[in-house]
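Just below is one structure, and these are the notes that go with it.
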Amino acid sequence: MNQQQRNLILQSSSNFAPPKGVRLLYGTAGFRTDATLLRSTLYRIGILAALRSLKTQSLIGLMITASHNKVSDNGVKIADPNGGMLSQNWEPFADSLANAADPLQLLQLIEEFVRKENISFDNAYSAEILLGRDTRPSGESLLEAAKQGISSITGAIYHDMGILTTPQLYWMVRARNMGMNSTEQDYIEQLSHSYELMCLVELIPDGIKGRKSYDKVVVDGANGVGGDKLEVLKDMCGGLSIELRNSSKGEGILNEGVGADFVQKEKVMPSGFGPNDVGLRCASFDGDADRLVYFLVQPDSKAIDLVDGDKMLSLFALFIKEQLDVLKDIEIEKPCEPYHPRLGVVQTAYANGASTDYLKNLGLDVVFTLTGVKYLHEKASEYDIGIYFEANGHGTILFSDSVLSWLEARNSELSSSSTGSENQKAVLRLLAASKLINQAVGDALSGLLLVEAILLHTGWSIQKWNELYKDLPSRQLKVKVVDRTAVVTANAETIVVQPAGIQDAIDSATGTEDVIRVYAEATTQEEADNLASDVAKLVDQFLELGSSH
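The opening residue of the sequence shown carries number 1 in full-length UniProt numbering; numbering runs sequentially from there.
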């Protein structure tokens, strides 16, 4: 780093003093807090994005969003070259940058990290960043701060893509780095074309005549960007009837009484829904459209039957397994051995136990990871086809390069010998699904279309889908604590190892702020509520005992 570069950082950073008494941490959701506290953070993450681009010699994404948080919040997260989350190795650097007290400390941190990572400013590659933001009023001001951070790195350039869903930006980053067309229009066209391929009459199983009385899906856009993008997409998906409510153009407030997080946590219908929706397929996006849940409005009640991420995972897993079963006796020779794709399902400790039992009874390989999309995504990528979803509706399906090459080869071979066979139909369905689902990140738009296509293939109503299994009654609570790191877990957060003795006490009972999440299941809702309350009290008790020693 030369003196001119140092002076540029010192000069520009003097306009972005961090708020006093505030410490921010970069987690799965990036940085997220009240928008008024974030200008200095956006400037500094602009610098990080440029350095990440120089390090990887690739395009990087920077998304300004607070997802399902209230409208007065905002946040920022980085998309790596593959469209995934920022490398975990860089998260401590993000923390240090955001919390540096003054320009000199900021410059020192940058110089130390540049040396450690061997980042060169003297090669032919210039840093390149894609920028996106959701519909929050604070987004434009924070975007300008990010631009100034990027511009403080000599030669760095940015492309302002405007208002986008988070999954759209991540898809664009992945597509651009793969040498594919990567505009928003390209995204829309890929989803609509892939949906139409999956819904070709010749790919629908014999005997399935499609939906009749329940052919419309009603979508809650959370008063956010997802509804706006769905308005464009729905007109390009022939045969699918979508009724949109709660778009950003209405009078509602982002995520207030609406959205996937509200519906999933409260288990009540969002604003804009009522008795006339009983029996219809209803779905809900979150504020930046990376989460999706379905629901059924119950008669004479605000309550709903929730069809959550676990149910979507089960629907997707069942569909893909059925296609692979059709192909299991068909092999293509690799250099050394026949190829049998490995299908795996990844969940967290918050998945409903009934869903896990259902998936295992299908004969699927089910594994658990720590909570957080970055852990789920990483584990799913170890399979030829890996599926992960959290109960909150965030997840996707990953198809490896090897399985896609295998499918393309099968399709080529079958096209010349068995056109129209069940084997070729299974291959075409899987190829279409791989293009319809957003493999960069969870995406409410692509997830909605894949659910709708699969329901068309099965001829199922949402009621039948919801009957795949019956959820165990559950309750999730948050326990406010002084230091959440005092609780240490193991086995993908299913066992507490610290403080000592707490797991024994829990066994007796059971049988991004400083809170501990308690998730409990039982045979009745009353028992689940009581168990969650008992465990919450135990957390208080043991942490209080620990602090007194």
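Every residue, glycine too, gets a C-beta built ideally from N, C-alpha and C. Note that the structure is a prediction, hence the values are computed from the model and not measured.
In the displayed model, E251 falls within coil according to three-state DSSP, outside both helix and strand. When DSSP reads this structure, C282 sits in a beta bridge with V218, F295. A94: member of the alpha helix (DSSP H) spanning 91-99, first to last residue. Counting only the Cα atoms, L25 lies some 36 Å from D357. Under the 10 Å beta carbon count, H340 is surrounded by fewer than 16 other beta carbons and is classified as exposed. With fewer than 16 other Cβ atoms from the protein chains shown falling within 10 Å of its own Cβ, V201 counts as exposed. Distance from the CA atom of L404 to the CA atom of L398, rounded to whole angstroms, is 10 Å.
Counting the other Cβ atoms within 10 Å of the Cβ of Q525 gives fewer than 16, which makes it exposed. In terms of Cβ geometry, I60 and L143 do not form a close pair [threshold 7 Å]. A straight line joining the alpha-carbon of D401 with that of V297 spans about 41 Å.
Taking D290 as the centre and dropping the five residues before and after it, the same chain places the C-beta of S67, T165, T166, P167, H394, V441, G442, D443, A444 closer than 8 Å to its C-beta, in chain order. S241 counts as exposed, since fewer than 16 other C-beta atoms from the protein chains shown sit within 10 angstroms of its C-beta. A residue is called buried once 16 or more other Cβ atoms fall within 10 Å of its Cβ, and K464, having fewer, is exposed. DSSP, reduced to helix, strand and coil, places G226 within a helical segment of the structure shown.
DSSP places F316 in no beta strand (DSSP E) but in the uninterrupted alpha helix (DSSP H) bounded by 309-327. Your pair A79 and V173 checks out as a contact, with CB atoms roughly 5 Å apart and the cut at 8 Å.
Taking each of K229, N99, S418 in turn and checking the Cα distance to N246, the smallest one comes out for K229.
Taking a contact to require three or more Cβ pairs closer than 8 Å, the region 278-285 and the region 216-228 qualify as touching. Closest in C-alpha terms to L48, from the list V71, K147, F285, comes K147. For G239, the three-state secondary structure derived from DSSP is coil. Around the beta-carbon of S416, fewer than 16 other beta-carbon atoms lie within 10 Å, marking it exposed. No Cβ-Cβ contact shorter than 7 Å links L456 with C237. Look at V114 here: in three-state DSSP terms it is helix. Within 10 angstroms of the beta-carbon of D288 lie 16 or more other beta-carbons, which makes it buried.
When the five nearest sequence neighbours on each side are left out, the beta carbons in the same chain lying within less than 6 Å of the beta carbon of S194 are those of A432, K435, L436, in order along the chain. One thing to note: T135 has its Cβ within 7 Å of the Cβ of G224.
The residue from L324, L327, K265 with its alpha-carbon nearest to that of I304 is K265.
Selection V345, D95, G372 evaluated against F31 yields D95 as nearest (Cα-Cα). Going by beta carbons, R410 and Q323 fall outside the 7 Å limit. Per the coordinates, the alpha-carbon of A98 lies some 18 Å from the alpha-carbon of S53. Here S87 is actually not in contact with N177; their C-beta atoms are around 14 Å apart, not less than 8 Å.
In the structure shown, H193 adopts helical secondary structure according to DSSP, grouped into three states. In the structure shown, L51 adopts helical secondary structure according to DSSP, grouped into three states.
Per DSSP, the continuous alpha helix (DSSP H) segment holding Q4 begins and ends at 3-13. Note: G132 is bridge-paired with M63 in the DSSP secondary-structure output.
Non-local beta-carbon contacts of D365 in its own chain, meaning distances under 6 Å to residues more than five positions away in sequence, involve G344 in chain order.
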